[in-house]
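Notes to accompany the following structure.
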Amino acid sequence: MDRGQDLALVTPRTAPAALAMRAAILLLLILCSLPAGCRNTNPAETVFNDTAEVDAVMARVDNPEAEPIVHEAVIQPVTLKTLKQGDQPDYWDVSLDEVLGIAMTNSQVLRDLGATILRAPGQVQTRYTRLIQQSDPRFGMEAALSAYDAQLFGSAMFQDNYHIANNLLLSGTDSLFSQDKHDYVAQLSKLTATGGQMSLRSLTDYDHNNVVSHLFPTAWQQQMEAELRQPLLQGGGLTFNRIAGPGAIPGVSNGVLIAKVNSDITAVDFERGLRDYVSDVVNAYWDLYFAYRDLDAKRLAVSRSRETWEAYKVQQDEGRESAAAEALAREQYFRFQSELQDAVAGKVGQRTQDQNGSTGGVFRGVNGVQVAERRLRLLVGLPVNDGRTLRPGNDPEIAPVEFHWESMVTESLRRRPEVRAQRLLVKRRELELIAAQNFLAPRLDAVGVARVRGLGHDLAGGGTDSGYGSALDELGTMKYREFAAGLEFSMPLGFRRAHAAVDNAEFLLARERAVLTEQERQILHDLSNTIADVDRAYEQVRTNENRYLAAEEALAGLEANRREGLTINLEQLLDIQRRLTESQSRYYQSRVEYAIALKNVHVEKGSILEYASMGMIDATTPEPVDLPAVPPVAPTPAAAPEASATAPDSPEAGSSDSTP
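In the UniProt record's numbering, the protein residues as written are 1 to 660.
Shown next, in the form of structure tokens:
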């Protein structure tokens, strides 16, 4: 007897579920065969070593071409050569506030002057930095919270069994067992904040077989099941799961609190990058200011030396001066002419930028106008060349400013991004230590299951002659209830991995605390240096002003004697011309150094954004979680408010009239 005849003897009607299953399988086979009709009928030719098509594909893989980025047309830069040809620049007078506003408008990338964007683009801070961290599907806040999302699971399994059974009672007249079986599972599960798991599942199975001893030859069974599993020791508790997350292993913590701390660290790192960027923009602005002032000094020096040379040239022609004297005057002229050319064009080299001696940068503006102007354009995001030349419209402060030391110490230790980020890192290590200690406990889970069943010839509908309803009807009567409860226990003997995780967490915490202590010492050191530099720079302004005035008086006296025909020492005249030029440049350099020193005080205090009239939206606070971290900074006596004086712009703003 074949299989079909056997089934027909037992169940004269064909099972509708079996027909539906066969139709579904047939439809699936048809759908699987459809893509073959869309496949390319021209396979890659590799006969006789003809691999042209394969090589073309590999070339596209090995040398991918990104979408081209269209930039605005950049005109030719203004150089010494173009100036000689008569091209005069169109000046654009900008204030420091305007420059900072332009920089913030064009600051998708926080630029620097070290070409980091080319050397290490992955280290560059952008306005997308925190958004990237928050949306990270592995370590972001949403990723940590997603572990607690409800999970919906479903499955449908179909079996067609036909084999010899070693049991005559099972299948009746012969030993052939034939079965058509379906299993359907639908489950909704969710993890709890304490590490437990709640599940609600529906189990539906259909069984059509040739076993004669069954109540129904075709039977549907429906089960509704609720399960609760709660860790009591390891893996349990609100604190552990908020730190490590559900299903954590020793040494790996990615809970909500850890993700929050990481997000705050990223925000503080971005604030640090913004601080450095603003500091560099201010540095570049004052570098350009000094370049114009230095250009003024060199231009005046060229004018004076040319006048002297021409005078001695006339005297040499008349026989009243030697050729050596005329040559000395001529050498002085060409010396200043060389310095003037450098003051106009500049040489690519050192510049004032952060971390070159101090956090905010030490003045190194020894380049010319054109180099300094292009550098400022690069930082603020303006076109490198657009036919105009930036020219600072502000003068540096020259009024004395005093700061209250105790309040500065408290403010810097509280607000500096480096310390705030390190304190957050200490916080994270403390949380990781708490999580690691949880793994020293054995695993003990409480498990409870409640189940209700229903069995019938049909899944739904009317009952049978024997008095039984359908599976869903029987389920609704709630007669057939089952319960199960128990404990599951497991533990590694010795807890070697857990002890290693605790030791490692303690070492990491000790390291971060030591680093924090050294950072605070370094900040106090840098703050002391900056305050001393403010006083030094201010005294230098006064001293170099007196030096400048003295050199002017000395040169004016010698020039007056020369014009009156009195005998003067040529070398003394040339020397005082050099001294005047040097003292003039040095005076304006000391003013710029004073302005940068004042700015650096705010960098060291962590108030550079307020200094630049800026603020961060959604800036993080130093304490994002409730668990204790490091002891707060010891309170200081009531601090007097910061004393500051602001002088009006100097009337001697000659930069407005300077042309390179």
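Ideal Cβ placement from N, Cα and C applies to all residues, glycine included.
The shortest C-alpha to C-alpha distance from residue 390 to any of 328, 340, 286 and 233 is the one to 286.
A Cβ-Cβ distance of about 55 Å is found for the pair residue 134 and residue 338, leaving them out of contact under the 8 Å criterion. The alpha carbon of residue 237 has as its nearest neighbour, out of 614, 434 and 587, the alpha carbon of 434. In the structure shown, residue 224 adopts extended strand secondary structure according to DSSP, grouped into three states. DSSP links residue 109 through a beta bridge to 126.
Your pair residue 602 and residue 611 checks out as a contact, with CB atoms roughly 4 Å apart and the cut at 8 Å. Assigned with DSSP and collapsed to three states, residue 260 falls in helix. In the DSSP assignment, residue 136 falls outside any beta strand (DSSP E), carrying neither H nor E. Within the stretch 358 to 443, the runs of beta strand (DSSP E) that reach at least 3 residues and sit entirely inside it are, in chain order, 388 to 392. In the DSSP assignment, residue 473 falls within the unbroken alpha helix (DSSP H) covering 471 to 476. Its chain contains 551, 554, 555 and 558 as the residues whose beta carbon lies nearer than 8 Å to that of residue 576, once the 5 sequence neighbours on both sides are disregarded; these appear in chain order. The Cβ atoms of residue 198 and residue 225 lie no closer than 9 Å to each other.
Distance from the CA of residue 316 to the CA of residue 78, rounded to the nearest whole angstrom, comes to 39 Å. Bridge partners of residue 151 according to DSSP: 189. Straight through space, the alpha carbons of residue 517 and residue 422 are spaced by roughly 10 Å. Each residue's CA atom was taken as its position, placing residue 94 and residue 394 some 8 Å apart. Setting aside the 5 residues that flank it on each side, residue 590 is surrounded in the same chain by 537, 540, 541 and 544, each with a C-beta closer than 7 Å to its C-beta; the list follows chain order.
DSSP places residue 121 within a helical segment (H, G or I) once states are collapsed to three. For residue 572, no beta strand (DSSP E) encloses it; the enclosing alpha helix (DSSP H) starts and ends at 570 to 605.
Under the three-pair Cβ rule at 8 Å, the stretch 468 to 484 counts as touching the stretch 448 to 457.
Among the bridge pairs identified by DSSP, residue 252 is matched with 249. Residue pairing by DSSP leaves residue 319 without any beta bridge partner. Bounds of the beta strand (DSSP E) holding residue 486 are 480 to 490. Per the coordinates, the alpha-carbon of residue 373 lies some 27 Å from the alpha-carbon of residue 122. A residue is called buried when at least 16 other Cβ atoms come within 10 angstroms of its Cβ; residue 193 does not meet this threshold and is exposed. According to the DSSP secondary-structure assignment, residue 209 is paired through a beta bridge with 179. Less than 9 Å separates the beta-carbon of residue 520 from that of residue 419.
Three or more beta-carbon pairs separated by less than 8 Å link the stretch 284 to 301 to the stretch 570 to 589, which places the two stretches in contact.
With contacts defined as CB atoms closer than 9 Å, residue 161 and residue 178 qualify as a contacting pair. Three or more Cβ pairs drawn from the stretch 439 to 446 and the stretch 231 to 248 lie within less than 8 Å of each other, which places the two stretches in contact.
Separation of residue 414 and residue 387 (C-alpha to C-alpha, rounded to the nearest whole angstrom) is 45 Å. Judged by DSSP in its simplified three-state form, residue 544 adopts helix. Of the other Cβ atoms in all chains shown, fewer than 16 fall within 10 Å of the Cβ of residue 214; this residue is therefore exposed. In the structure shown, the three-state DSSP call for residue 614 is coil.
Rounded to the nearest angstrom, the gap between the Cα atoms of residue 429 and residue 341 is 57 Å.
Residue 495: not part of any alpha helix (DSSP H); DSSP gives it neither H nor E.
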